[in-house]
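Structure record follows, encoded as structure tokens.
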Amino acid sequence: MTNPSAYLWRQDTLKQATQGQWHHADGAKICASRIVTDTRQIQAGDVFLAIKGERFDAHDFIQSAHQQGASAAIVERIVDCDMPQLLVADTKLALGDLGRFRREAHPDLTVVALTGSSGKTTTKEMIGSILGQIAPTLMTRGNLNNDLGVPMMLLELTDEHRFAVLELGANHLGEIAYTASMVRPDVALILNIGTAHLGEFGGRANIARAKSEIYSALTNQGVAILPFSDEFYPELLNEASQFTELQLSFGERTVPIEQAGLELADQTMLEAEGVSSVLMMGDLFADDIETFATHSTFSLNTNIDIDQIDSLPVHLPFIGEHNVANALAAAAATFALGVPLEQIVTGLERATPPKGRLTRLSVDGHSVIDDTYNANPTSMLVAAKVLEAELGTKILVLGDIFELGDAADDEHAKLGHQLALLEIDHVLTLGNHMAHTTAAINEQKPIAKHYTDKPSLLNDLRQLLSGGSVTMLFKGSRGMAMESLIADLTASN
Ligand code: ATP
Ligand code: UDP
Ligand code: MG
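Laid out in structure tokens, this is it:
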């Protein structure tokens, strides 16, 4: 059913947005609420935008789109089909133009854009939960965060929306500059600089540069939100400062005493006492952090007014300390918009974790932590620490981390060395690169076993479960589909 407040595209607006040329369109009357890129989703009246992908060239499906009731197509070459076709130079860029056009039609919309190596979707849910209390909020669905997904989300804007919270992902330099320029954020947030997609970027400094592109498209009076505890904070601050003076930081960092901005007398006195570094707090920071099996608690503090720290207790229904960092980031982004601290806390306490990100279930008396949505080296270690904090027997089931390029084997071995320091009873690994993780763990203690197929792993896992109640955590890159192990385990019990 069409949303009554949905925007309706017509010939002239489609042409105006894309600068394309209409063909076979004499006498046609286009009035479409949806622009779709997949024939499998077409409904009568839709405009079909044909994209050339890795497997298919959607120009081959235009006849089929026509038969299914599409009212027009946006194409890179005119095809032999008697339906209105809007010819553009590049349909992917045309999709971006359409998204940009829709954003520009809502100058009063308040947009929060966020990026980072880990935690984007989780933090987006938290921000959406806070802003959704105030007014209708459009939020990135699923993981539509790339150069195609972001404009697709903008096409869903309606007159009802007062806020939009959009996740921007980066596979390469320039991608966020492109998506951010169509999003035009009022608040631009970087969560962290990790090692996701290290392969494509060739180094963390480049990842930091790619993410900081989000600041380049801020609106006038736009606010940059910075991760104070991140190693790359100084670089990000430098980038942000080129675009806005309005900045808020979250978290805390230890800095060498000479960089702490102290009065010289204070610095000299501390140095005389042998102090070489100090802990500094960002504009928003957490303390009294406690993590439990199902939630975390902390105090949310603001440090804006030097004479007064505002502080409120938070009961966060997410597990793991990294989610306290995500909650702080969400608090900073909404605080920048003037949302009162009390309302921020209520929103955080009502947020729900997206599926497959450290979600907990019970299987035949055992505890399962499902973190199978995706993995990178940082999030693997974070998840392992969540498991370590559990009581009783702990089993870590890990699949390969993808997209690490030439660094893959080294990164997997490094992860193994880090895992070996944790108190975990068994580690079962799957894939190609994970053999290096297993070897590195076993160098220090013989608790890991590597598998190349899921049935053998499952077999051994079932044996381990027969010895009494355990907690298992499953994680791997998306392509490893580690959730199928949980499904098999559930089905056989
Ligand atoms: P993607 O790039 O795949 O869209 P994302 O950035 O949206 O990922 P989420 O889906 O929110 O991230 O979380 C994915 C996983 O990353 C979580 O299950 C958790 O293991 C880990 N994670 C989440 N937040 C953080 C954080 N702040 N620091 C480190 N790891 C995190
Ligand atoms: N597509 C389609 N109908 C189909 C199969 C594909 O419309 O039956 C579209 C798909 O939505 C995408 C384009 O064709 O926009 C290219 O598909 P491909 O799978 O190659 O895309 P990829 O995701 O690999 O880039
Ligand atoms: Mg995501």
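So that you can map any letter, position 159 of the sequence shown is 158 in numbering that gives the first Met the number 0, and since no number is skipped, the others follow by simple counting. Every residue gets a Cβ at the ideal spot worked out from N, C-alpha and C, and that includes glycine.
Check: Can you find at least 3 beta carbon pairs, one from the stretch 168 to 187 and one from the stretch 210 to 226, that sit closer than 8 Å?
Finding: Yes: at least three Cβ pairs fall under 8 Å.
Next item on the list: Please list, following the chain, all residues that have a C-beta closer than 6 Å to any non-hydrogen atom of the ligand UDP.
Entry: That query returns the following residues: T36, D37, T38, R39, I50, G52, E53, R54, F55, A57, F60.
Notebook entry, point to check: Could you check where the beta strand (DSSP E) with P339 kicks off and where it finishes?
Noted result: Looking at the DSSP string, P339 is not in any beta strand (DSSP E), and its letter there is neither H nor E.
Next item on the list: Please confirm whether any heavy atom of the ligand MG lies closer than 8 Å to the CB of N142.
Entry: At least one heavy atom of the ligand MG is nearer than 8 Å to the Cβ of N142, so yes.
Check: According to the neighbour-count rule (16 or more other Cβ atoms, all chains shown, within 10 Å of its Cβ), is I512 buried or exposed?
Finding: What is shown of the chain runs 0 to 492, which leaves residue 512 out entirely.
Margin query: Looking at I423: is its Cβ nearer than 9 Å to the Cβ of K393?
Written below: Yes, these two residues count as a Cβ contact at 9 Å.
Note to self: My assumption, with CB atoms under 8 Å, is that G355 sits in contact with S476. Please give the rounded CB distance.
What the structure shows: Going by Cβ atoms, the distance from G355 to S476 rounds to 12 Å, so no, they are not a contact pair.
Check: To which residues does DSSP link Q20 through a beta bridge?
Finding: Q20 is bridged to L86.
Item checked: Reduced DSSP secondary structure (H/G/I, E/B, other) of Q132 -> Annotated three-state conformation of Q132 is coil, per DSSP.
Item checked: Residue span of the beta strand (DSSP E) that contains A223, given as start and end -> Its beta strand (DSSP E) spans residues 222 to 226.
Next item on the list: Scan the stretch 380 to 438 and note each continuous alpha helix (DSSP H) run of 4 residues or more that stays entirely inside, going in chain order.
Entry: Runs found: 407 to 418.
Note to self: Based on DSSP bridge pairs, tell me the residues matched to K474.
What the structure shows: DSSP, once it has assigned bridges, lists L397 as partnering K474.
Next item on the list: Give the single residue among F60, A24, D59, W8 whose Cα lies nearest to the Cα of V46.
Entry: Relative to V46, the option among F60, A24, D59, W8 whose CA is nearest is W8.
Check: So which of A480, E442, D363 has the shortest CA-CA distance to G466?
Finding: The candidate whose alpha carbon is nearest that of G466 is D363.
Next item on the list: Please classify I368: is it buried, with 16 or more other beta-carbons within 10 angstroms of its beta-carbon, or exposed?
Entry: I368 counts as buried, since at least 16 other C-beta atoms from the protein chains shown sit within 10 angstroms of its C-beta.
Check: Would S240 be called buried (16 or more neighbouring beta carbons within 10 Å of its own) or exposed?
Finding: By the 10 Å Cβ count, S240 comes out exposed.
Check: Any heavy atom of the ligand MG within a distance shorter than 8 Å of the CB on G168?
Finding: The answer is yes for G168.
Checklist line | Selected residue, minimal CA-CA separation from A163, among M152, L311, A329 | finding: With respect to the C-alpha of A163, the residue from M152, L311, A329 having the closest C-alpha is M152.
Notebook entry, point to check: With respect to the beta strand (DSSP E) encompassing K448, which residues constitute its N-terminal and C-terminal limits?
Noted result: From DSSP, the beta strand (DSSP E) with K448 extends over 447 to 450.
Next item on the list: Ignoring anything shorter than 4 residues or poking outside the stretch 111 to 163, list the alpha helix (DSSP H) runs there in chain order.
Entry: If we require 4 residues or more, the alpha helix (DSSP H) runs fully inside the stretch 111 to 163 come out as 119 to 131, 148 to 153.
Next item on the list: In angstroms with no decimal places, state the Cα-to-Cα distance between D487 and A374.
Entry: Those two C-alpha atoms are separated by around 21 Å.
Check: What residues in its chain sit with their C-beta under 8 Å from that of N2, if we drop five residues either side in the sequence?
Finding: If we look at N2 and ignore the five residues flanking it on each side, its Cβ neighbours are S32, T157.
Notebook entry, point to check: Rounded to a whole number of angstroms, what is the C-alpha to C-alpha distance between T333 and T351?
Noted result: Their backbone Cα atoms lie some 17 Å apart in a straight line.
Note to self: If I follow the unbroken beta strand (DSSP E) through R252, where does it start and stop?
What the structure shows: Secondary structure note for R252: its beta strand (DSSP E) is the uninterrupted segment 251 to 255.
Notebook entry, point to check: Can we count G319 as close to the ligand ATP, meaning its CB is less than 8 Å from some heavy atom?
Noted result: Flag set: Cβ of G319 near the ligand ATP.
Check: Cβ-heavy atom distance between G127 and the ligand ATP below 8 Å?
Finding: Taken from the Cβ of G127, every heavy atom of the ligand ATP lies 8 Å or farther away.
Notebook entry, point to check: Does the count of Cβ pairs from the stretch 244 to 252 and the stretch 214 to 232 closer than 8 Å reach three?
Noted result: By the Cβ test, the stretch 244 to 252 is in contact with the stretch 214 to 232, since at least three Cβ pairs between them sit closer than 8 Å.
Check: Comparing the CB of T358 with every heavy atom of the ligand MG, is any distance shorter than 8 Å?
Finding: T358: no, Cβ never under 8 Å from the ligand MG.
Checklist line | Run of the alpha helix (DSSP H) containing I175, from where it starts to where it stops | finding: Here the alpha helix (DSSP H) through I175 covers 174 to 182.
Next item on the list: May I have the straight-line CA-CA distance separating N219 from D185, to the nearest angstrom?
Entry: Looking at the two C-alpha atoms, the distance is approximately 8 Å.
Checklist line | Distance, L261 Cα to D146 Cα | finding: Rounded to the nearest angstrom, the gap between the Cα atoms of D146 and L261 is 44 Å.
Margin query: Rounded to whole angstroms, what is the Cα-Cα separation between A329 and T296?
Written below: The C-alpha of A329 lies about 15 Å from the C-alpha of T296.
Item checked: Classification of K474 by the beta-carbon crowding that lies within 10 angstroms, buried from 16 upward -> In the assembly as shown, K474 is a buried residue. Its beta-carbon has 16 or more other beta-carbons within 10 Å.
Note to self: Can you look up Q514 in the DSSP assignment and give me helix, strand or coil?
What the structure shows: It is not possible to answer for residue 514, since the shown part of the chain is limited to 0 through 492.
Notebook entry, point to check: Which one of Q417, W21, L472 has the shortest CA to CA distance from G319?
Noted result: Residue L472 is the option with its Cα nearest to G319.
Check: When the Cα of K14 is compared with those of A72, P376, A169, G44, which residue comes out closest?
Finding: Nearest C-alpha to K14 among A72, P376, A169, G44: A72.
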